[in-house]
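A.B. asks: Just so we're aligned, residue 2 is where the sequence shown starts under the numbering used here, counting upward by one.
Structure in structure tokens, see below.
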Amino acid sequence: MPTNDRPFIIGITGGSASGKTLFLTRLMEQFDTDDICLLSQDNYYRPKHHQTKDENGIENFDLPGAIDDVAFAADVEKLRSGEIVTREEYTFNNSDKIPNLLHFYPKKILVVEGIFVFHFPEVAKLLDLKIFIDAQDKIKLKRRIKRDNEERGYDLQDVMYRWKYHVKPTYEEFIRPHKRSCDIIIPNNQHFEKGLQVIVSYLKSHA
């Protein structure tokens, strides 16, 4: 549990397209920026040439090994200890984008998010509260198609391939098993408002 000089650390996970990003946006809006810090696993992806390829030669970014878990855990520990963390933004292999230098400051609430935050033991052991954002597979797939195909312009065939051979197997093996050990499960097939208010009320009274 946190002490007066350590932050209250929340871990938030869920399958791809379960609605984590929107939930996090809404959660962060409920607090003063001086009180809360968000550290995302997304900025800890290893370079593309270090990613594991599947049997068809396609990089699988949905494996635990795709993430630099040592650096991720170290930065969570630094923020927990009151240190400032500086990290280069991950640009999702977009060579045309110049990455920003991100600065994370110790706050009384630290939110750590990503699909593997409960899988990595060195991260999981630091969490005071574990939250799982849950949604049905058919809804997650629909959201992922909208995001990757319609909004990001990815080829639909590629989106479906990665869902079937990368995203879904990873969820079943590395993400869903942690659902039963979470403190709070928030259903998000349609909306998460009630769950969000529960979390906000809890944090404002405990953190």
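From the three backbone atoms N, C-alpha and C, an ideal C-beta is built for every residue, glycine too.
1) Skipping 5 residues on each side, what residues in its chain have a beta carbon closer than 6 Å to that of Pro107?
2) With DSSP as the reference, label His207 as helix, strand or coil.
3) Tell me the rounded alpha-carbon separation between Lys147 and Gly20.
4) Excluding sequence positions up to five away, which residues of its chain have a Cβ less than 6 Å from the Cβ of Thr87?
5) Can you pull the DSSP bridge partners for Phe133?
6) Residues bridged to Ile37 by DSSP?
7) Can you round the beta-carbon distance between Pro100 and Glu114 to whole angstroms, since I take them to be within the 8 Å contact cut?
8) Quick check for students: name the residue ranges of the beta strand (DSSP E) that lie wholly in the stretch 113 to 173, counting only runs of 3 or more.
9) In this structure, how does DSSP classify Phe9 when only helix, strand and coil are distinguished?
10) Can you check whether the CB of His120 is closer than 8 Å to the CB of His51?
11) Mapping the DSSP letters down to three states, classify His179 as helix, strand or coil.
12) Can you name the residues that DSSP bridges to His1?
13) Let's test the definition: count the other Cβ atoms within 10 Å of the Cβ of His167 and tell me whether it reaches 16, buried, or not, exposed.
14) Using a 10 Å radius around the Cβ and a threshold of 16 neighbouring Cβ atoms, would you call Ile85 buried or exposed?
15) Quick one: is Arg163 buried, meaning 16 or more other Cβ sit within 10 Å of its Cβ, or exposed?
16) Around the C-beta of Asn44, are 16 or more other C-beta atoms found within 10 angstroms, so that it is buried, or is it exposed?
17) Return yes when the Cβ of Ile187 is within less than 8 Å of the Cβ of Ile140, no when it is not.
C.D. replies: So, to answer that:
1) Position 106 of the sequence shown, counted from the start, is the residue given in the question as residue 107. Closer than 6 Å at the Cβ level, and outside the excluded window around Pro107, lie Leu80 and Gly83.
2) Walking along the sequence shown from the start, residue 207 turns up at place 206. The answer is helix: DSSP assigns His207 an H, G or I state.
3) Reading the sequence shown from its first residue, position 146 is the one you call residue 147. Reading the sequence shown from its first residue, position 19 is the one you call residue 20. Going by the C-alpha atoms only, they are around 13 Å apart.
4) Taking the sequence shown and counting its residues from 1, the one referred to as residue 87 is at position 86. Closer than 6 Å at Cβ, skipping near neighbours: His104.
5) Sequence index remark: in the sequence shown, residue 133 carries index 132 (1-based). Bridge partners of Phe133: Thr14 and Ile186.
6) If you number the sequence shown from 1, residue 37 lands on position 36. Answer is Ile110.
7) As a position in the sequence shown, residue 100 is number 99, starting the count at 1. As a position in the sequence shown, residue 114 is number 113, starting the count at 1. About 19 Å; that fails the 8 Å criterion.
8) 130 to 135
9) What you label residue 9 is simply residue 8 of the sequence shown in a count that begins at 1. The answer is strand: DSSP assigns Phe9 an E or B state.
10) Start at 1 with the first residue of the sequence shown, and residue 51 comes out as number 50. Start at 1 with the first residue of the sequence shown, and residue 120 comes out as number 119. Cβ distance not < 8 Å, so His51 and His120 don't count as in contact.
11) Position 178 of the sequence shown, counted from the start, is the residue given in the question as residue 179. In the structure shown, His179 sits in a helix (DSSP, three-state: H, G or I).
12) In the structure displayed, the chain extends from 2 to 208; residue 1 sits before or after that span and is not available.
13) As a first step, residue 167 is located in the sequence shown; it is residue number 166 there, counting from the start. Buried, by the Cβ-count rule.
14) Within the sequence shown, the letter at position 84 stands for residue 85. By the 10 Å Cβ count, Ile85 comes out exposed.
15) As a working mapping, residue 163 is identified with position 162 in the sequence shown. Flag for Arg163 reads buried.
16) Numbered from 1 along the sequence shown, position 43 holds the residue referred to as residue 44. Label assigned to Asn44: buried.
17) Along the sequence shown, read from residue 1 onward, the residue named residue 140 stands at position 139. Along the sequence shown, read from residue 1 onward, the residue named residue 187 stands at position 186. No, the Cβ-Cβ distance between Ile140 and Ile187 is not below 8 Å.
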